[in-house]
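Chains as they are written, first to last, in our numbering: chain A, 4 to 342; chain B, 209 to 749.
All C-beta atoms, glycine included, are put in the ideal place defined by N, C-alpha and C.
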């Protein structure tokens with residue numbers, strides 16, 4: 004459906020996109036995840052034709068889009084801050100793309116109603132966009148992008164400005180909506196929770212390059228690099244030397260899954276893989292901080308040498324700040340990172 | 209794409225501006241096919257001319273500063289305060305701008321000169337001082353600042369200032385750091401316009417300047433029409449042209465286009481009733497200034513049009529319906545009203561098309577070529593209207609472009625001064641339109657032309673109306689060029705007024721005042737009409 008072939012975009016010296024290859028299959032929802040400045044918005048602008056490409060090709064349904072102007076690409080783009088037309092009411096915004104395609108008036112009205120129904124704003128057509136709340140604006144923007152039935156729908160930080168509960172609800176709604184409509188979706192976000200909840204496949208970007216691609220589960224379970232691991236919020240990364248199924252690190256011996264790469268590597272130990280032991284056993288650590296997270300407590304532990312460790316434990320058996328504990332590692336939760 | 213948009217304005221300027229002006233200059237400096245460029249040096253080094261150049265410059269600077277000082281509070285009041293009679297008053301302050309300069313001069317003479325109102329009351333006379341000129345210039349240009357700056361000010365989101373206040377900025381600091389930078393381009397544009405107008409001021413200085421004060425434009429007129437010294441006039445035209453060019457270049461260089469994406473809102477939301485002693489004082493102060501500086505001279509004008517030898521009455525107005533004796537006119541002077549309106553409408557249409565295309569081409573920041581184009585559009589304001597009018601006569605008189613007998617000649621000349629207004633009014637607003645709105649429309653399938661129609665046009669419709677009002681007004685009041693090209697049987701209002709003022713006798717003077725009053729009313733009515741056109745309906749066309 005969509006294929007990017009070595010796409011490079013430079014802003015002066017800096018490459019916003021550096022030889023990016025990406026494919027999105029029909030009916031697939033792909034989420035591009037990355038910190039700000041990683042080039043993910045530029046990626047969308049390139050596909051929409053808003054940003055000229057310095058090198059490489061963009062193909063939609065096999066057709067090279069070089070030289071095809073924005074308005075003939077037939078893609079939908081939902082802007083980060085919605086960009087609703089302030090001088091038009093809700094219906095005027097939603098029907099805009101249909102009018103551009105010369106859809107008859109009666110059909111436009113039908114479609115507008117249909118879409119407003121779909122996004123949960125039935126009968127809101129005559130309302131002024133300035134009078135809408137953030138969540139409603141977001142829904143109108145989505146309806147506007149969906150109205151012309153684009154072959155590819157792109158979302159730029161679709162839920163960025165909304166509050167958390169609304170965001171979590173909308174993610175679920177969007178996911179089931181895209182499933183029902185069979186839309187092909189390319190979304191970008193900096194929020195991993197959003198990406199994992201929405202996407203069939205996640206693409207992690209860093210400095211204009213793709214750092215990792217995979218299903219949410221794959222990326223979560225096996226981050227490809229320290230960057231991806233840290234971006235996903237994992238903190239327990241330590242250099243070590245693997246020999247067989249054990250790695251020697253500053254934190255002592257850490258078990259690794261069998262079949263891991265041998266030699267000098269970096270290891271990720273997920274918080275769940277850090278087991279608390281009574282003081283005097285395993286790696287002695289001091290509890291530095293204790294954060295209540297609802298159904299568990301996150302502890303930060305300082306060993307005698309090496310970086311600070313993060314651990315999770317049940318509310319009941321969490322140690323207090325300043326106490327000494329021992330730490331052991333669970334091999335199944337250890338990931339050997341590449342590079 | 210951009211070059212395509214620029215093509216028509218460029219052709220228009222080449223044909224109806226560059227060619228006539230070049231032809232006149234050529235006439236003056238070329239004798240028997242040989243260029244006499246030495247004349248330039250000779251004329252410039254004359255002490256008299258040096259004096260004229262110096263006076264022209266400093267009075268323009270002083271007038272601009274004074275106008276900004278007096279009119280910026282007015283712009284604020286009209287933009288932000290809601291008070292009864294606001295729309296009417298806003299139309300009224302625009303009236304001076306379209307009055308023929310001769311009429312303005314006469315009105316101020318009646319106010320400040322010998323036997324004038326101040327002389328009668330307190331024995332004060334200002335007509336021999338430069339103050340009369342400066343005050344007349346403020347009178348004339350007050351509306352430029354109020355409309356250009358106020359138009360944008362009314363659409364700035366007040367919440368931006370509120371955000372600054374919450375962050376700890378004082379009322380003044382919030383204005384200085386948030387509003388002023390946003391207004392900057394509009395203030396600069398207004399200042400530039402005022403400077404160019406006062407730099408090339410003609411009628412006002414002609415009447416109030418006496419023998420002491422003379423601007424370049426007055427000198428050009430004197431050399432052309434009185435002394436018939438075409439070479440000197442040509443040199444002065446070049447000097448004025450060069451000076452204006454230099455000013456525009458400096459302007460383009462200093463004002464790095466800083467129009468950022470402003471949050472524009474419906475002006476109706478931003479105006480509110482004044483609150484607190486400070487705001488009421490400000491409103492009262494602005495109203496007082498308007499009363500003294502604008503209403504008083506206009507009042508004197510109207511009073512004189514009614515002050516017939518048989519007491520107050522409409523005698524002068526009635527006499528305008530007939531041709532009268534003395535051969536001043538071939539047609540009843542009243543016909544000039546209809547002529548003027550027709551010409552001004554045509555000129556407005558031309559100015560909107562040419563200026564609109566130019567503004568669209570300039571919307572996206574560009575390289576040197578585009579900046580040069582921007583400056584070129586302003587040149588007609590700085591070039592002697594006398595030269596342009598005379599140039600029309602000697603260039604557009606033979607095939608393939610024989611327009612001597614065509615009515616379009618007058619609107620073409622008038623549109624030339626209208627275009628800069630259209631461009632300057634539209635450009636800040638066009639540039640302030642958030643570029644991503646255009647992108648959103650393009651992604652939804654709108655072609656570039658369609659994007660302009662669907663996104664830009666609705667957002668700038670208000671600016672477009674203001675621009676149209678300006679273009680109509682300057683066309684209505686244009687005198688310097690029209691006086692050369694209007695046919696004797698189809699005079700415009702300002703031409704008729706000047707013709708009457710040029711003749712001796714109470715009747716002619718009274719008729720001139722009566723016609724000026726009519727011109728004033730026509731202008732006020734059309735501006736009021738414009739204010740009434742409401743365009744804020746949401747939804748489709």
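| Item | Value |
| --- | --- |
| Partner residues on chain B for residue 127 (chain A), Cβ-Cβ distance less than 9 Å | The premise fails here: residue 127 (chain A) is roughly 13 Å from chain B at the closest Cβ pair, so nothing lies under 9 Å. |
| DSSP three-state assignment for residue 280 (chain A), whether helix, strand or coil | strand |
| Proximal chain B residues relative to residue 79 (chain A), where beta-carbon distance stays under 8 Å | 651, 652 |
| Contact with chain B by residue 53 (chain A), beta-carbon distance below 7 Å | yes |
| Straight-line gap, residue 173 (chain A) to residue 183 (chain A) (C-alpha atoms, nearest Å) | 15 Å |
| Cβ pair residue 80 (chain A), residue 109 (chain A) closer than 7 Å | no |
| Any chain B beta carbon closer than 7 Å to residue 14 (chain A) | no |
| Bridge partners - residue 689 (chain B), DSSP secondary structure assignment | Residue 689 (chain B) is not bridged to any residue. |
| Cβ pair count under 8 Å reaching 3, the segment 276-289 of chain B against the segment 323-337 of chain B | no |
| 9 Å Cβ cut-off: residues of chain B touching residue 103 (chain A) | 649, 652, 653, 654, 655, 658, 662 |
| 7 Å Cβ cut-off: residues of chain A touching residue 644 (chain B) | 82, 86 |
| Beta-bridge pairing of residue 306 (chain A) - partner residues as DSSP gives them | A:288 |
| Whole-angstrom C-beta distance between residue 402 (chain B) and residue 458 (chain B), which should lie under 8 Å | That belief does not hold up - the Cβ atoms of residue 458 (chain B) and residue 402 (chain B) are roughly 15 Å apart, past 8 Å. |
| Beta carbon of residue 688 (chain B) nearer than 7 Å to that of residue 555 (chain B) | no |
| Whole-Å CB distance - residue 674 (chain B) paired with residue 212 (chain B), under 8 Å assumed | The pair is not a contact, with the Cβ atoms about 26 Å apart (cut-off 8 Å). |
| Listed by chain order, chain B residues near residue 74 (chain A) by CB distance under 9 Å | 649, 650, 651, 652, 653, 654, 655, 656, 658, 659 |
| For residue 28 (chain A), the nearest candidate out of A:41, A:7, A:77 (CA to CA) | A:7 |
| Distance between residue 268 (chain B) and residue 348 (chain B) (C-alpha atoms, nearest Å) | 13 Å |
| Inter-residue Cα distance where the pair is residue 551 (chain B) and residue 454 (chain B) | 32 Å |
| The segment 35-55 of chain A / the segment 189-205 of chain A touching (three or more Cβ pairs under 8 Å) | yes |
| Neighbourhood of residue 98 (chain A) by C-beta, 6 Å cutoff - its chain only, sequence neighbours within 5 removed | 111, 115 |
| Cβ neighbour criterion (16 or more within 10 Å) applied to residue 179 (chain A) | exposed |
| Limits of the alpha helix (DSSP H) - the one that residue 8 (chain A) falls within | It is not in any alpha helix (DSSP H) - residue 8 (chain A) instead sits in the beta strand (DSSP E) that spans 5-14. |
| Buried or exposed by the 16-neighbour rule on C-beta atoms within 10 Å, applied to residue 141 (chain A) | buried |
| Residue 397 (chain B) versus residue 692 (chain B): straight-line alpha-carbon distance, rounded | 30 Å |
| Residue(s) in a DSSP beta bridge with residue 515 (chain B) | B:520 |
| Proximity test, Cβ basis, 7 Å: residue 70 (chain A) and chain B | no |
| Boundaries of the alpha helix (DSSP H) in which residue 229 (chain A) is found, first to last residue | 229-234 |
| Limits of the unbroken alpha helix (DSSP H) element including residue 246 (chain A) | First-last for residue 246 (chain A): 240-246, but that is the beta strand (DSSP E), not the alpha helix (DSSP H). |
| 7 Å Cβ cutoff met for residue 222 (chain A) and residue 213 (chain A) | no |
| Any chain C beta carbon closer than 7 Å to residue 163 (chain A) | In the structure shown, chain C does not exist; the protein chains are A and B. |
| Residue burial classification, residue 686 (chain B) (beta-carbon count within 10 angstroms, cutoff 16) | buried |
| Three-state secondary structure (DSSP) of residue 254 (chain B) | coil |
| Within chain B, partners of residue 151 (chain A) - CB distance below 7 Å | 652, 653 |
| The segment 323-341 of chain A contacting the segment 230-245 of chain A, beta-carbon criterion three pairs below 8 Å | yes |
| Residue 35 (chain A) and residue 20 (chain A) closer than 7 Å at C-beta | no |
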